[in-house]
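A.B. asks: Top line first, the protein sequences correspond to chains A and B.
Residue numbers 1 to 166, in the working numbering, belong to the letters of the first sequence in order.
Residue numbers 1001 to 1128, in the working numbering, belong to the letters of the second sequence in order.
By construction, the Cβ of each residue, glycine as well, lies at the ideal position given by its N, Cα and C atoms.
All values reported here derive from a predicted model rather than from experimental measurement.
Sharing a structure with you now.
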Amino acid sequence: MPRTPTPDDDAALRWEQFDDPSYGESEAAIAARTAAEAGDAGNGADASSPDAFSPGAVLDAHTDAATTLTRTGLGTNLLTGVFAVVYLAYSVGWIIGVGLVPLSGPTLLIEVMYQFSEFLAMIASALWFAAAVALTRGGRAAHRFGWLALGTLVLIPWPILLGVFS
Amino acid sequence: MSTNAPQAPRAARASGTSGASGAHIGVAALLSLVVGWFVFDGIASLVGLPAFYEQLGVDPATVPWVPLWAGVLLPIVSFVTAAVIARRQPLTRFALVLIIALAATAAVRLSLIAAATGSIVLVSRFGG
């Protein structure tokens, strides 16, 4: 017995619910679609011509989108590399600067805790950089660079700077 | 029936988050021991440094109160802030963020100590 079709039979085949958490459009797809639409608009100006649609234009648009994404990734990697150099300098500054701070405890326990806090200070820059890169992987670049910039302000090795200035 | 189906993953995610909160609290409690040490040392400096200045005969107005109070409050503020920021993260990421907060606190604390002891050096060099 044939089933009577309902009006919403094709609902499962559409992406109409954009707040569905399983719906997501990658950056590559967004850039490619935007570029393709720009290419279509350019072709629409001379739509009267017989060859208004050209597959080459769409291919060029996709190539441009891929190039844009490659440049964005390159810029992100380049800026991350700059931050890596800064954080490496901070780590060296802290390793040297810890020796400039006169900390000594009257008991063994306090001395051990001082040594532990000095060790934490030495690894703080490397930890911050590694965590900022790892925890923001796949996210927005602004988040990564925001956390990295905050770390460069918080972790300035003042002991060695004060030692140099004095 | 069909209206309840999309809510099932949300309920599962919510129960997973609440189930991990016990481990989160345990990790936070364990790492808060280090925060307690930082606070204890900060209070010891807050009490001891002015007395040391007085013993040296230095003007009490030169006591670096801002670094001393920052040494007491900073560990608490940074640890609580990190715990709030990372409270919805998985346990490993939560622990990592708290450890980084402790490491950053240790670094800033050493900077504060350098600033405070630098003031001692300057006072004894030019004021005493």
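Classify A1086(B) as helix, strand or coil using the three-state DSSP reduction.
C.D. replies: Coil.
A.B. asks: Alpha carbon to alpha carbon, how far is G151(A) from G75(A)? Give it in angstroms, no decimals.
C.D. replies: Roughly 20 Å between the two C-alpha positions.
A.B. asks: Compile a chain-ordered list of the residues in the segment 1104–1119 of chain B whose CB is closer than 9 Å to at least one CB of chain A.
C.D. replies: Within the segment 1104–1119 of chain B, the qualifying residues are A1104, T1105, A1106, A1107, V1108, R1109, L1110, S1111, L1112, I1113, A1114, A1115, T1117, G1118.
A.B. asks: For L1068(B) versus L1046(B), is the C-beta spacing smaller than 9 Å?
C.D. replies: In contact: L1068(B) and L1046(B) (Cβ atoms closer than 9 Å).
A.B. asks: Assuming D1041(B) is part of the alpha helix (DSSP H), what are its boundary residues?
C.D. replies: Residues 1021–1056.
A.B. asks: Suppose contacts are defined by Cβ-Cβ distances below 9 Å. Is A1028(B) in contact with L1074(B) by that definition?
C.D. replies: No, these two residues do not count as a Cβ contact at 9 Å.
A.B. asks: As a quick exercise: from G1071(B), Q1089(B), A1044(B), W1037(B), pick the residue whose alpha carbon is nearest that of I1025(B).
C.D. replies: Closest option to I1025(B), Cα to Cα, is Q1089(B).
A.B. asks: According to DSSP, is G81(A) helix, strand or coil?
C.D. replies: Three-state DSSP puts G81(A) in a helix.
A.B. asks: According to DSSP, is A45(A) helix, strand or coil?
C.D. replies: Reliability fails at A45(A), whose pLDDT of 44 lies under 50, so the model's placement of it is uncertain and no value is given.
A.B. asks: Please look up how many angstroms separate the CB atoms of S125(A) and W147(A), rounded, as I've assumed it's under 8 Å.
C.D. replies: With 8 Å as the limit, S125(A) and W147(A) do not qualify as a contact, their Cβ atoms being about 13 Å apart.
A.B. asks: At a Cβ threshold of 9 Å, is F1052(B) touching chain A?
C.D. replies: Not closer than 9 Å to any Cβ of chain A, the Cβ of F1052(B) fails to qualify, so no.
A.B. asks: What distance in whole Å lies between the Cβ atoms of V1072(B) and G1042(B), which are believed to be in contact at a cut-off of 8 Å?
C.D. replies: About 4 Å separates the two Cβ atoms, so the contact holds.
A.B. asks: Within 10 angstroms of the Cβ of A118(A), are there 16 or more other Cβ atoms? Answer buried if so, exposed if not.
C.D. replies: Correcting the residue identity first, residue 118(A) is Glu in this sequence and not Ala. When all chains shown are included, E118(A) counts as buried.
A.B. asks: Using a Cβ-Cβ cut-off of less than 7 Å, give me the residues of the segment 143–165 of chain A that come near chain B, in sequence order.
C.D. replies: Answer in chain order: V154, L155, W158, P159, L162.
A.B. asks: For the alpha helix (DSSP H) containing L148(A), list its first residue and its last residue.
C.D. replies: Residues 141–154.
A.B. asks: Tell me whether G73(A) sits in a helix, a strand or coil according to DSSP, three-state version.
C.D. replies: Correct three-state label for G73(A): helix.
A.B. asks: Quick one: measure Cβ to Cβ for A1115(B) and P1064(B), integer angstroms, because I've assumed they're closer than 8 Å.
C.D. replies: Confirmed, Cβ separation roughly 7 Å.
A.B. asks: What separation, rounded to the nearest whole angstrom, lies between the Cα atoms of W1037(B) and P159(A)?
C.D. replies: Using only the alpha carbons, I get a separation of about 21 Å.
A.B. asks: Quick check on P50(A): does DSSP put it in helix, strand or coil?
C.D. replies: Unreliable positioning characterises P50(A) in this predicted model, as indicated by a pLDDT of 47, which lies under 50. The coordinate reading is nonetheless provided below. Coil, per DSSP.
A.B. asks: Grouping DSSP H, G and I as helix and E and B as strand, with all else coil, what is S166(A)?
C.D. replies: Three-state DSSP puts S166(A) in coil, outside helix and strand.
A.B. asks: What separation, rounded to the nearest whole angstrom, lies between the Cα atoms of F83(A) and A1070(B)?
C.D. replies: Their Cα atoms are separated by approximately 28 Å.
A.B. asks: Starting from the C-beta of S104(A), find all residues in its chain whose C-beta is less than 8 Å away, skip the five residues before and the five after it, and write them out in chain order.
C.D. replies: The residues are E111, Y114.
A.B. asks: Could you list the residues in the segment 127–142 of chain A with a C-beta less than 7 Å from some C-beta on chain B, going in chain order?
C.D. replies: Here the close residues are L127, W128, A131, L135.
A.B. asks: Residues of chain B with CB under 7 Å from P102(A), in chain order?
C.D. replies: Neighbours of P102(A) on chain B, chain order: T1117.
A.B. asks: For T1081(B), which of helix, strand or coil comes out of DSSP?
C.D. replies: In the structure shown, T1081(B) sits in a helix (DSSP, three-state: H, G or I).
A.B. asks: Determine the direct distance from the alpha carbon of L1049(B) to that of G1057(B), and round the result to whole angstroms.
C.D. replies: Whole-angstrom Cα-Cα distance: 12 Å.
A.B. asks: Name the two residues that bound the continuous alpha helix (DSSP H) containing L103(A).
C.D. replies: Unbroken run through L103(A): none, as it is neither H nor E.
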